[in-house]
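Asker: Plus 1 on top of the position in the sequence shown (first one is 1) and you've got this note's numbering.
We put the CB at the ideal spot given by N, CA and C, even for glycine.
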Amino acid sequence: MLRIAAQALTAITITLLVQAGHAAPEPPPTDLKTAQDHPVLKRFAGSMLVGYRQQEWAATTLPSAAGVKEGGNSFVQPLALEGKVTRLLYTAPKGKTPLEVFRNHQQALAAAGFKTAYVCDAGERGCTQAYFALDVASGRLDGMTRSSQYIASGGGGSYGLAPTFEEGRLLAGTLNRSGQALHLVLYTAYAAHKDTDTAVTYVEIVEPKAMQTGQVAVDAKAIGQGLQAEGKVALYGLFFDTGKADIKPESKAQLDEMAKMLQAQAAARVFVVGHTDNVGAFDTNQALSLARAQAVVAALGAAPYKIDAKRLTAKGAANIAPVASNAGEEGRAKNRRVELVLQ
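Right under this line is the structure:
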């Protein structure tokens with residue numbers, strides 16, 4: 002009887018292990034806290050946002066029209082981009098295949114004017130190289146699992162929610178919003194493996210923009226050396242709201258260094274020259290650049306600096322003396338500056 006009982010127990014144990022081995026994770030009940038959809042892309046109906054990361058300024062690489070290197074795990078002529086980078090990871094409702102999710106996204110993006118640069122639509126494991134090309138350099142796919150706060154349990158261990166190459170499909174291109182071309186890559190596949198029965202979608206959206214400059218103030222010594230060497234020095238640590246001439250509080254560090262230089266070189270007289278980019282009418286930019294220069298002069302003449310106003314002359318140059326092309330935001334950011342010029 003003990004032998005029969007032992008055999009029965011063994012049978013039950015085997016049955017439980019088999020059942021556990023095919024156990025599929027349940028989708029998470031709610032979105033990841035603090036995560037939110039990107040306004041240019043709607044999620045697949047019923048999906049949960051389980052991975053999220055947004056950086057105001059970062060560098061990344063995305064596939065170009067040249068596609069994937071044959072026999073390798075890298076993109077041919079990848080796009081090197083800098084700007085605001087948003088990464089999202091969604092789980093679709095259980096039972097929805099990666100193909101269904103991918104096709105719905107593909108159609109929605111096409112309707113929104115998406116311009117496809119590259120697509121891998123092979124299915125099965127036909128996009129394996131595209132998967133590794135997207136993931137190998139940065140670990141961006143696997144890294145989203147660690148931020149998802151959800152690991153699905155199943156037979157033999159735990160399943161992360163990062164996309165795999167099982168039924169993987171990739172789409173990359175640009176979407177125009179408010180005159181700006183946003184770069185987007187979307188990759189849909191099964192999480193962990195097909196047995197999870199969970200389709201996941203990774204989305205990366207890049208909004209190209211110039212890095213904020215002037216976050217490190219030019220110190221008094223460098224200002225003095227610049228004036229002696231070139232007769233002028235450009236300062237990017239003075240901040241104003243768009244179209245306004247009020248100096249923002251975060252400009253204090255730069256004002257401190259300007260005052261130190263002027264106090265150390267008591268005989269120096271300088272022009273304080275405001276510069277703008279070429280956005281807007283010239284007359285408006287002229288008035289704005291002068292008003293900003295005057296605001297700087299007023300700040301240096303007031304407490305705690307009390308620099309003699311006779312040593313400072315405000316001038317506005319609008320956009321007549323650019324130091325970079327105004328064709329892109331990076332160049333325009335360099336052109337928006339205040340300069341000290343020796344009289």
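Under the three-state reduction of DSSP, which class applies to Ile206: helix, strand or coil?
Answerer: DSSP places Ile206 in strand when its eight states are reduced to three.
Asker: If you follow the beta strand (DSSP E) that Gln78 is in, where does it begin and where does it stop?
Answerer: Counting along the chain, Gln78 falls outside any beta strand (DSSP E), and DSSP gives it neither H nor E.
Asker: Going by DSSP, what residue range makes up the alpha helix (DSSP H) through Ala230?
Answerer: Its alpha helix (DSSP H) spans residues Ala221 to Glu231.
Asker: Along the chain, where does the beta strand (DSSP E) that runs through Phe272 open and close?
Answerer: Per DSSP, Phe272 belongs to the beta strand (DSSP E) from Val271 to His276.
Asker: According to DSSP, is Pro94 helix, strand or coil?
Answerer: Three-state result, Pro94: coil.
Asker: Would you mind reading off the limits of the alpha helix (DSSP H) that contains His39?
Answerer: Note, His39: premise wrong, no alpha helix (DSSP H); not H, not E.
Asker: Please state the DSSP three-state secondary structure of Tyr151.
Answerer: Legend: pLDDT at Tyr151 = 46, less than 50; position of this residue unreliable, value from coordinates given subsequently. It is coil, neither helix nor strand.
Asker: Does Asp1 pass the burial test, meaning 16 or more other C-beta atoms within 10 Å, or should it be called exposed?
Answerer: Residue numbering for the chain in the displayed model covers 2 to 344; residue 1 lies beyond these limits and cannot be assessed.
Asker: Using the rule of at least 16 other Cβ atoms within 10 Å of the residue's Cβ for burial, across every protein chain shown, is Phe283 buried or exposed?
Answerer: Per the 10 Å Cβ criterion, exposed.
Asker: Quick check: Ala294 and Lys311, are their CB atoms within less than 8 Å of each other?
Answerer: No.
Asker: Does DSSP put Arg188 in a helix, in a strand, or in coil?
Answerer: Per the sequence presented here, residue 188 reads as Tyr, with Arg not at that position. Three-state result, Tyr188: strand.
Asker: Where Ser65 and Leu172 are concerned, what is the direct C-alpha to C-alpha distance, given to the nearest angstrom?
Answerer: The alpha-carbon atoms of Ser65 and Leu172 are separated by roughly 10 Å.
Asker: Report the CB separation of Leu82 from Val207 in whole angstroms; it is logged as a contact under 8 Å.
Answerer: Indeed they touch by this definition, with Cβ atoms about 5 Å apart.
Asker: Within the continuous beta strand (DSSP E) that includes Gly302, where are the two ends?
Answerer: Counting along the chain, Gly302 falls outside any beta strand (DSSP E), though it belongs to the alpha helix (DSSP H) covering Phe283 to Gly302.
Asker: Looking only at DSSP bridge pairs, what is Met49 linked to?
Answerer: Bridge partners of Met49: Thr92.
Asker: Return the CA-CA distance between Thr35 and Leu162, expressed in angstroms with no decimal places.
Answerer: Each residue's alpha carbon lies about 18 Å from the other.
Asker: How do the stretch 182-190 and the stretch 124-139 stand: do at least 3 beta-carbon pairs fall below 8 Å, yes or no?
Answerer: Yes, the stretch 182-190 is in contact with the stretch 124-139.
Asker: With respect to the alpha helix (DSSP H) encompassing Tyr132, which residues constitute its N-terminal and C-terminal limits?
Answerer: Unbroken alpha helix (DSSP H) run through Tyr132: Thr129 to Asp136.
Asker: Using a Cβ-Cβ cut-off of 8 Å (strictly less than) and excluding sequence neighbours within five positions of Leu142, which residues of its own chain qualify?
Answerer: Tyr132, Leu135, Asp136, Ala163, Pro164, Tyr188 and Tyr203.
Asker: Quick one: does Tyr53 have its CB under 8 Å from some CB of chain D?
Answerer: In the structure shown, chain D does not exist; there is a single protein chain.
Asker: Per DSSP, what kind of secondary structure is Lys253 in: helix, strand or coil?
Answerer: Three-state result, Lys253: helix.
Asker: How many Å lie between Lys95 and Lys210 at the Cα?
Answerer: In a straight line, the C-alpha of Lys95 is about 38 Å away from that of Lys210.
Asker: Quick check: the Cα distance between Ala112 and Ala223, rounded to an integer number of angstroms?
Answerer: Ala112 and Ala223: Cα-Cα distance of roughly 54 Å.
Asker: What does Ile248 pair with, by DSSP beta-bridge criteria?
Answerer: Per DSSP, Phe241.
Asker: If you count every other CB in all the chains shown that lies within 10 Å of the CB of Thr117, and 16 or more means buried, which is it?
Answerer: Exposed, because fewer than 16 other Cβ atoms sit within 10 Å of the Cβ of Thr117.
Asker: Since Val280 and Arg338 should fall inside the 8 Å C-beta cutoff, what is the C-beta to C-beta distance between them, to a whole number of angstroms?
Answerer: In fact, because the Cβ distance is near 14 Å, the residues do not count as touching under 8 Å.
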